[in-house]
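What follows is one structure encoded as structure tokens, with my remarks underneath.
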Amino acid sequence: VLPHYDLAHSDYLLSFGTPFLEHWLSPVSFGVAYGKFRQGRPMVRGRFIQVEPRLSLTAANADRWIPLRPGTEGLLALGIGQALIREGLTRLPSSQLPAFQPTFSSISLETISATTEVSQEVITQLAHELSVANAPLFLGGGPAAAQTNGTDTLVIINALNVLMGAINRRGGLQWMEPKVPTVEIIHPDLSGENELMALAQEFEEGSRTMLHLYLANPLYTLPPSLKFDRVFEQAKFIVSFSPFLDDSTVMADLILPDHDPLESWGDHVQQDIVPVTAWSLSQPVVNPLYDTRAIGDVWLEAAHRLGGSLSKEVPWTTFPEMLQSRWEGILSQENSPHAFEKQWKVALRQGGWWTVDARKRQISPTVPSVTYEPPEFLGNSSDYPLYCYPYPSLSLHDGRGANLPWLQELPDPLTTGMWGTWIEVNPSTASSMGIHQGDRVRVTSEYGAIEASAVFFPGLHPELIAIPMGQGHRAYGRYAKGRGVNPLTLLGPSFDSRSGSLATGGTRVRVERVKGGTQLPMLDQSVQDPVSPRIQLTGGL
2 VLPHYDLAHS DYLLSFGTPF LEHWLSPVSF GVAYGKFRQG RPMVRGRFIQ
52 VEPRLSLTAA NADRWIPLRP GTEGLLALGI GQALIREGLT RLPSSQLPAF
102 QPTFSSISLE TISATTEVSQ EVITQLAHEL SVANAPLFLG GGPAAAQTNG
152 TDTLVIINAL NVLMGAINRR GGLQWMEPKV PTVEIIHPDL SGENELMALA
202 QEFEEGSRTM LHLYLANPLY TLPPSLKFDR VFEQAKFIVS FSPFLDDSTV
252 MADLILPDHD PLESWGDHVQ QDIVPVTAWS LSQPVVNPLY DTRAIGDVWL
302 EAAHRLGGSL SKEVPWTTFP EMLQSRWEGI LSQENSPHAF EKQWKVALRQ
352 GGWWTVDARK RQISPTVPSV TYEPPEFLGN SSDYPLYCYP YPSLSLHDGR
402 GANLPWLQEL PDPLTTGMWG TWIEVNPSTA SSMGIHQGDR VRVTSEYGAI
452 EASAVFFPGL HPELIAIPMG QGHRAYGRYA KGRGVNPLTL LGPSFDSRSG
502 SLATGGTRVR VERVKGGTQL PMLDQSVQDP VSPRIQLTGG L
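The number in the numbering used here is simply the position in the sequence shown, starting from 1, with 1 added.
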């Protein structure tokens with residue numbers, strides 16, 4: 002269960018890579034909270050520090066960006082906690098503090114500074130700034146969670162919230178107990194990508210034979226090193242419900258396209274990151290343009306055709322009918338026969354239902370059961386000297402928006418690149434390799450290689466390259482197919498040691514200049530003609 006991060010009422014935010022203004026959890030909610038954090042209170046303007054090896058859009062909005070060596074965010078958090086304890090700046094009761102000291106004192110501050118490349122003076126300065134803040138808040142995510150030690154890093158970062166008394170405090174982390182309707186809520190599975198390798202083995206053994214695809218494009222979103230393509234080879238029958246012919250759907254035996262979201266009914270419940278329960282309700286904006294069918298209608302008809310006890314458990318004939326029945330349990334607060342009909346119209350008009358009151362859940366902070374372990378990287382540093390960080394594109398995200406031309410046309414806010422893939426390189430690193438702005442470069446790992454244009458980006462650790470996700474589709478329509486490259490093809494089977502999630506920052510690479518290629522379209526790009534002479538006008542007609 003995620004807490005509510007009360008950014009709006011904090012006055013000091015220390016974020017370890019969290020892209021909350023881009024794609025983390027709910028950017029809209031955090032955007033509103035960030036506005037209040039900055040300008041929502043008279044005489045109070047929240048101070049924001051972002052720590053990460055790449056200057057993201059979120060970091061560009063910070064008061065201070067602190068770059069560090071990739072994968073050492075958890076180590077820096079240990080150092081800050083150690084400085085807080087050593088200087089007597091924590092807000093824990095004296096009886097609880099000794100239990101936290103072994104965790105934060107396991108590594109010397111000198112070693113932490115040398116490894117993270119953040120000076121001891123900066124670490125101590127951050128500790129003192131935090132001590133004078135009324136409501137400090139710590140966040141962790143993005144590149145900090147993209148390593149093999151990602152989960153442990155997040156545990157250590159959130160332990161800082163405990164040290165500074167931010168648990169269930171205004172401007173801190175709040176676990177809420179909002180009023181919840183008596184309706185069953187099915188939470189998403191949080192299994193990591195490593196379990197997909199076990200699934201592939203089940204298909205090879207024949208214990209599974211049919212594959213259904215819904216809101217999933219695994220042949221694009223998973224690195225080839227995971228060998229998930231074996232599932233498509235071994236499956237006897239593949240069904241896709243995608244409304245678009247994406248990289249995985251083209252391999253299906255049967256395609257039953259779902260409606261577009263603008264043509265669909267649906268709902269979604271959010272209980273964690275907001276202080277109230279918010280249950281959104283969506284209805285069709287337009288009638289279906291093509292011969293598509295809602296996936297809910299397909300499964301309801303399938304259940305009825307199967308008959309038996311299954312058909313008795315689903316008495317509805319259409320998905321909107323099922324949805325409305327579900328909402329009776331959410332909205333019916335009175336015995337009046339007309340109460341639900343009235344409330345249903347209100348919910349449709351306002352786009353959902355939400356509580357107005359909630360109380361804080363009682364939480365007893367415990368000592369984090371974690372010992373810092375350095376991240377592990379695939380590829381030796383002599384052959385592959387650079388770290389690689391594929392990051393979600395602000396417009397295309399993980400590639401799901403690549404079929405939309407207006408999103409392709411949207412320039413990246415930091416590099417201004419569009420309609421393709423680029424390799425972000427620190428200018429000093431590029432200079433040492435003889436690479437110039439716009440050169441075609443090849444990025445190679447133990448698991449694959451890609452080629453794209455080099456873009457100089459000073460906001461990078463010198464030993465890091467960054468590549469936006471989203472391009473390199475083999476299908477998915479004329480605007481996505483064959484455009485750019487997919488950086489995930491570089492990644493090896495590297496996983497978070499606790500969660501099993503893919504460690505997207507856990508593969509080392511090398512970069513070299515190659516010939517050929519086309520120029521990347523960029524909004525901020527000027528072309529000078531070195532041949533045409535200047536024309537000087539010296540007189541009249």
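Glycine included, every Cβ here is placed at the ideal spot set by N, Cα and C.
Span separating the alpha-carbon of Thr117 from that of Asp230
Going by the C-alpha atoms only, they are around 38 Å apart.
Could you tell me which residues DSSP pairs with Val240 in its beta bridges?
Among the bridge pairs identified by DSSP, Val240 is matched with His213, Leu255.
Would you grab the beta carbon distance between Leu524 and Ala61 for me? Rounded to a whole angstrom, and I think it's under 8 Å.
Actually they are not in contact, since the Cβ atoms of Leu524 and Ala61 sit about 16 Å apart, beyond 8 Å.
Just the Cα atoms here: how many angstroms apart are Val557 and Leu110?
No answer is possible for residue 557: it lies beyond the span of the chain, which begins at 2 and ends at 542.
With DSSP run on the structure shown, which of helix, strand or coil describes Pro391?
Of the three classes helix, strand and coil, the one that applies to Pro391 here is strand, per DSSP.
Got a sec? Which residues, its chain only, sit under 8 Å from Pro531 by beta carbon, not counting five neighbours each side?
Model confidence at Pro531 stands at a pLDDT of 39, short of 50, so the residue's coordinates are unreliable; what they give is reported in the following sentence. Nothing listed; no residue qualifies.
Tell me the rounded alpha-carbon separation between Trp66 and Thr445.
If you take the alpha carbons of Trp66 and Thr445, they lie about 29 Å apart.
Kindly indicate which three-state DSSP category Ser333 falls into: helix, strand or coil?
In the structure shown, Ser333 sits in coil (DSSP, three-state: anything other than H, G, I, E or B).
With DSSP as the reference, label Phe245 as helix, strand or coil.
If DSSP states are grouped into helix, strand and coil, Phe245 belongs with coil.
Can the beta-carbon of Pro463 be found closer than 8 Å to that of Ser429?
The Cβ-Cβ distance between Pro463 and Ser429 falls below 8 Å.
With a cut-off of 8 Å on the beta carbons, I'd call Gly507 and Leu379 a contact; round off their distance for me.
A Cβ-Cβ distance of about 6 Å is found for the pair Gly507 and Leu379, placing them in contact under the 8 Å criterion.
Cross-strand partners of Val133 (DSSP beta bridge)
Paired residues: none, contrary to the question.
Can you grab the Cα-Cα spacing for the pair Pro20 / Gly308, in whole Å?
Pairing Pro20 with Gly308, the inter-Cα distance amounts to about 48 Å.
Rounded to a whole number of angstroms, what is the C-alpha to C-alpha distance between Ile585 and Leu521?
Since the first residue shown for the chain is 2 and the last is 542, residue 585 is missing from the structure and cannot be characterised.
Any idea what DSSP makes of Phe457, helix, strand or coil?
In the structure shown, Phe457 sits in a strand (DSSP, three-state: E or B).
Beta carbon of Pro386 nearer than 8 Å to that of Gln148:
Not closer than 8 Å, so no.
Measuring only the C-alpha atoms, how far is Ser333 from Leu26?
The straight-line gap separating the alpha-carbon atoms of Ser333 and Leu26 is approximately 30 Å.
Buried versus exposed call for Val270 [16 or more other C-beta atoms within 10 Å across all chains shown]:
Buried, by the Cβ-count rule.
If I'm right that Leu15 touches Pro99 with Cβ under 8 Å, what's the distance once you round it to whole angstroms?
Incorrect: roughly 24 Å between the Cβ atoms, too far for contact.
DSSP three-state label for Tyr35, please.
Reduced to three states, the DSSP call for Tyr35 is helix.
Output the residue ranges of the alpha helix (DSSP H) runs that lie fully inside the segment 398–444 and measure 4 residues or longer, sorted by chain position.
With a minimum length of 4 residues, the continuous alpha helix (DSSP H) runs that stay inside the segment 398–444 are 406–410, 428–433.
Closest to Glu264 by C-alpha separation, out of Gln284, Ser249, Ala279, would be which residue?
Measuring from the Cα of Glu264, the nearest candidate turns out to be Gln284.
On the three-state DSSP scale, how would you describe His260?
DSSP places His260 in coil when its eight states are reduced to three.
Could you name the residues of the same chain whose beta carbon sits closer than 8 Å to that of Leu58, not counting the 5 residues immediately before and after it, in chain order?
Close CB contacts of Leu58 within its chain, under the 8 Å cut and outside five residues either way in sequence, are with Pro20, Leu22, Glu23, Leu395, Pro414, Leu415 (chain order).
Would you report the Cα separation of Gly143 and Gly18, rounded to the nearest angstrom?
Roughly 5 Å separates the two Cα atoms.
With a threshold of 7 Å on Cβ separation, who are the neighbours of Ala481 within its own chain once the five nearest residues in sequence on each side are excluded?
Apart from the 5 residues on each side of it in sequence, Ala481 sits with its Cβ closer than 7 Å to the Cβ of Ala403, Asn404, His474 in its chain, given in chain order.
Using the Cα positions of Thr539 and Ile50, report the straight-line distance between them to the nearest angstrom.
Note that Thr539 scores a pLDDT of 42, beneath 50, so its modelled location is shaky; the value from the coordinates is reported in the next line. Cα-Cα distance, rounded: 56 Å.
What do you get for Ser495, buried or exposed, if any count of 16 or more other CB atoms within 10 angstroms of its CB means buried?
Classification of Ser495: buried, given that the 10 Å Cβ count is 16 or more.
CA-CA distance, Gly501 and Arg294?
One C-alpha to the other measures close to 35 Å.
Own chain partners of Pro1 with C-beta closer than 6 Å, once the 5 adjacent residues on each side are dropped
Residue 1 lies beyond the range of the chain shown here (2 to 542); nothing can be said about it.
Taking a contact to mean a Cβ-Cβ separation below 8 Å, would you say Gly418 touches Leu56 in this structure?
By the CB criterion at 8 Å, Gly418 and Leu56 fall outside the cutoff.
I'd like to know whether the C-beta atoms of Gly483 and Thr422 end up nearer to each other than 8 Å.
Contact: no.
Assess, as a yes-or-no matter, whether the segment 209–225 is touched by the segment 243–260 under the definition of 3 or more beta carbon pairs within less than 8 Å.
Taking 8 Å as the limit for Cβ pairs, the verdict is that the segment 209–225 does touch the segment 243–260.
Proximal residues to Gln102 (C-beta, below 7 Å), its chain only, five neighbours per side dropped
For Gln102, where only same-chain residues beyond five positions count, the Cβ hits under 7 Å are Ile86.
Output needed for Asp7: all residues of its chain with C-beta closer than 7 Å, excluding positions within five of it in sequence on either side, in chain order.
Contacts found: Arg171, Gly172, Gly173, Gln175.
Of the choices Thr372, Trp280, Glu302, whose alpha-carbon is the least far from that of Trp328?
Taking the Cα of Trp328 as reference, the smallest distance to any Cα among Thr372, Trp280, Glu302 is reached at Trp280.
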